[in-house]
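Working notes for the structure below.
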Amino acid sequence: MKKNAMLIGLVAGTMLATPVIAASGEACLPHNRFMNWRALDEQTLVMTDIRYNRYTVRMEPRCQGVTNGAAKLIFHTWQNLECLRIGEIVTVTSPGVGERQCAIASVQAGAPANAPG
281 MKKNAMLIGL VAGTMLATPV IAASGEACLP HNRFMNWRAL DEQTLVMTDI
331 RYNRYTVRME PRCQGVTNGA AKLIFHTWQN LECLRIGEIV TVTSPGVGER
381 QCAIASVQAG APANAPG
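Just so we're on the same page, our numbering is the position in the sequence shown counted from 1, plus 280.
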């Protein structure tokens, strides 16, 4: 009886929490599905997963050098099944600029309207 009550409570809690998670607007881009990225500006990246879904990732503070075509992203908390998450630290390396650390401020499904192709 006690197990049933606990299970019912767990299921009810999950059902109530799901709309809150969905309402936050954050999308899940799992690290193991990340394929490529392009910088629109020093705070906005468009990332693509292996299914060609696009995500708008906002960085804070602005990532100096990320718009350089030779820039590289280094993820420090790489967990294959985890989603990119708010606050995750990313290092941007770029010729002439060196290394800069930025944090993910948001992850949204889709690319912004001004994103090319």
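Each residue gets a CB set at the ideal place from its N, CA and C atoms; glycine is no exception.
| Query | Result |
| --- | --- |
| Which residue or residues does DSSP assign as beta-bridge partners of M339? | I384 |
| Could you tell me the boundaries of the beta strand (DSSP E) in which R318 lies? | 314–319 |
| Starting from V372, follow the beta strand (DSSP E) in both directions and report where the run begins and ends. | 369–374 |
| Can you give me the start and stop residues for the beta strand (DSSP E) that I354 sits inside? | 352–355 |
| Going by the CB atoms, is the gap between A393 and S374 shorter than 8 Å? | no |
| With a CB to CB cut of under 7 Å and the five nearest residues on each side skipped, what residues in its chain are close to L309? | M327, D329, Y335, C363, L364, V387 |
| Expressed to the nearest angstrom, what Euclidean distance is found between the alpha-carbon atoms of I369 and N333? | 22 Å |
| For A389, which beta-bridge partners are listed by DSSP? | Y335 |
| With a Cβ-Cβ cutoff of 8 Å, do I354 and A385 count as a contact? | no |
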